[in-house]
Amino acid sequence: MPLISKVNLNQKVLANFKRDSERFMTLAPEGNLQGLLQKYSRIYAAAIERRKERNPEDGERNVERPTPPIKSETCLGIIRRPFAQEVHEALGFEGHETLDIAGPQSVLDKGKKLHNYGTTVTLIDRNVVVKAGCDLDLAEALMMDHISQNTHDIPLLKHLGSVTSQRMTYIFMSSIPGKSLREPWPTLEKEQKLALRDQLSQIFRL
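Going by the working numbering, the residue at position 101 of the sequence shown is 942; the numbering climbs one at a time, nothing skipped.
See the structure below:
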């Protein structure tokens, strides 16, 4: 049985991936494609290994051909929540362009650091901040969504989108001028702290 050529192998894998990814997007347009990408990475690696085991006499044996540079999926952000228009404008891309994590990271490098101890908070635009960190829990962003959906009389940061790349997480939020509660907290009276605690407890039970 003749060995499938490298070109035909590439075309076959890409065609199957295109079919499955289109089906995935039809069924779950906001789902996570990471599992599908990993599946086809394993399929392709196994096919290459089978080619090596069969050791074909087709002129390709022991020939290493340079692979053109491509952008690995590990360099691409996995969108956890679609970006609001403010984020698109701050990052400088339009519509549904693929987000390369170098985009937000380069913007962070140019932004104003508001907090820089392990987890960073960076002002990247007049009305947009980014909280970034390794293995950062997305529960904070989900809590912001929950509160904003259930109350409208509290000045609250708005969740504008989030993305992860490998172990890094970037949470984009609106910026509210003024001090955070953390700054005046040590100077508050006990009664004030209890009152604030009761207000926050009521919100979190919503």
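Even glycine gets a Cβ: it sits at the ideal position worked out from N, Cα and C.
All values derive from a computational prediction rather than experimental measurement.
Every unbroken stretch of the beta strand (DSSP E) spanning 3 or more residues and falling wholly within the segment 986-1025 is given here in chain order: 1000-1006 and 1009-1015.
Sorting PRO1025, LYS951 and TYR885 by C-alpha distance to the C-alpha of GLN852 places TYR885 at the top. The alpha-carbon separation between GLN990 and ALA973 amounts to approximately 24 angstroms.
With respect to PHE1013, ALA931 sits close: the two C-beta atoms are nearer than 9 angstroms. Linking ILE1017 to CYS975 through their CA atoms gives a straight-line distance of about 24 angstroms.
Per DSSP, reduced to three states, the secondary structure at ASN849 is helical.
Just measuring C-alpha positions, the residue of THR1005, SER1006 and LEU983 sitting nearest LEU998 is LEU983. Counting the other Cβ atoms within 10 Å of the Cβ of TYR958 gives fewer than 16, which makes it exposed. LYS972 is bridged by DSSP to VAL962 and ILE1012. Taking the C-beta atoms as reference points, VAL971 is found nearer than 9 angstroms to GLY952. For LEU932, the uninterrupted alpha helix (DSSP H) segment begins and ends at 926-932.
Taking the Cβ atoms as the reference, LEU1001 lies roughly 7 angstroms from VAL969, within the contact range of under 8 angstroms.
Under the three-state reduction of DSSP output, ARG967 falls in the coil class, being neither helix nor strand.
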